[in-house]
Amino acid sequence: MENHKQMIKMLNSGSGTGTNTTSGGSSTSTLNSSLTNIDFSAIEELDPSLSDGYRIIYDRECPVELRFQETAESPQEVGTLEAIKVKMLVTGKDSSPESVKIELSSECDLFFHFTHVVDEVGFRIMQQQQKLMIDFVEYPKVLIRMLNNCIKEPHSHLAVFVIQRSGHSRLDFIKNMEYKFVELLTCNFVRSSDALVKQHIAYRYNAVKSRLALMQARLSDVNALVKIKNPSLLLQINRDQEKAKLKSK
1 MENHKQMIKM
11 LNSGSGTGTN
21 TTSGGSSTST
31 LNSSLTNIDF
41 SAIEELDPSL
51 SDGYRIIYDR
61 ECPVELRFQE
71 TAESPQEVGT
81 LEAIKVKMLV
91 TGKDSSPESV
101 KIELSSECDL
111 FFHFTHVVDE
121 VGFRIMQQQQ
131 KLMIDFVEYP
141 KVLIRMLNNC
151 IKEPHSHLAV
161 FVIQRSGHSR
171 LDFIKNMEYK
181 FVELLTCNFV
191 RSSDALVKQH
201 IAYRYNAVKS
211 RLALMQARLS
221 DVNALVKIKN
231 PSLLLQINRD
241 QEKAKLKSK
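In this text, residue positions in the sequence shown follow UniProt numbering: the first is 1, and each later residue adds one.
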């Protein structure tokens, strides 16, 4: 990957010999196209999250405070703030979703995986229990807004994930009003099954492996292109890499 960056940087600055301005510009354009137009869609289509017709509408890391609790009645342990990957998916049309699913996972713990799924009927129960003033069609947009607030304003908008030993958990969205904390919304989660967790781990492993293979193949293509268009540049890059290796020893 450092090869890629060096090639683009040096071509853009006009470094190297044996290439006129027009040829250099053409080479830069071709290289940029080679590096950016890598299609990972075939890999992403294998994501287990997309089963049952779900499609992704949100996928970001969010600061979440993790707290552990023996039972619903027992006190919560002191929490730790971690970057949790939040993936939100829906079925149906944007104007009338049939089901909303949220998956929580962690890059630090591959076996950390929790799921929240709710349809319109289940959302009515949430409405009644939490006295929510929104309709089901607004639910995904409200969740996205709250998650983004937790990312942009972590001191005033908090996401707290309480995990019980039974596997039942909840994600609380809380607003710090300075004089008090106001609970805005609670989403109930369950720990994903062992089979589903294994599917996700296998997918993540194979996705990284496949992406690496695609990038290595593209790197070979770029090397071949530079060798033809500007061979002196490729020699200079290789010399720089050798110098960098010697310095690191």
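All C-beta atoms, glycine included, are put in the ideal place defined by N, C-alpha and C.
Please say whether residue j and residue i have beta carbons closer to each other than 9 Å?
i	j	result
residue 84	residue 61	yes
residue 106	residue 117	no
residue 233	residue 226	yes
residue 95	residue 200	no
residue 207	residue 47	yes
residue 115	residue 196	yes
residue 161	residue 246	no
residue 144	residue 215	no
residue 189	residue 220	no
Have a look at the DSSP bridge pairing and note the partners of residue i.
i	result
residue 191	114
residue 88	58, 102
residue 65	81, 160
residue 183	174
residue 119	99
Give the DSSP-derived three-state secondary structure of residue i in the structure shown.
i	result
residue 177	coil
residue 167	coil
residue 51	helix
residue 155	coil
residue 132	coil
residue 242	helix
residue 44	helix
residue 82	strand
residue 109	coil
residue 221	helix
residue 148	helix
residue 70	coil
residue 230	coil
residue 27	Its pLDDT being 48, under 50, residue 27 is placed unreliably by the model, and nothing is read from it.
residue 93	coil
Just to check my reading of the structure: residue i and residue j have Cβ atoms closer than 8 Å, yes? What is that Cβ distance to the nearest angstrom?
i	j	result
residue 90	residue 57	6 Å
residue 159	residue 181	Not a contact, Cβ separation roughly 13 Å.
residue 64	residue 45	So it is not a contact: roughly 28 Å between Cβ atoms.
residue 123	residue 111	With 8 Å as the limit, residue 123 and residue 111 do not qualify as a contact, their Cβ atoms being about 29 Å apart.
I need the straight-line Cα distance from residue i to residue j, nearest angstrom please.
i	j	result
residue 67	residue 187	15 Å
residue 69	residue 183	18 Å
residue 239	residue 213	25 Å
residue 167	residue 80	18 Å
residue 248	residue 210	29 Å
residue 155	residue 176	7 Å
residue 11	residue 41	With a pLDDT of only 45 at residue 11, under the threshold of 50, the placement of this residue in the model should not be trusted; the figure read from the coordinates follows. So the two alpha carbons sit approximately 30 Å from each other.
residue 165	residue 191	10 Å
residue 163	residue 171	9 Å
residue 53	residue 102	14 Å
residue 131	residue 138	15 Å
residue 152	residue 141	16 Å
residue 133	residue 179	24 Å
residue 108	residue 228	43 Å
residue 244	residue 237	10 Å
residue 92	residue 121	15 Å
residue 204	residue 230	37 Å
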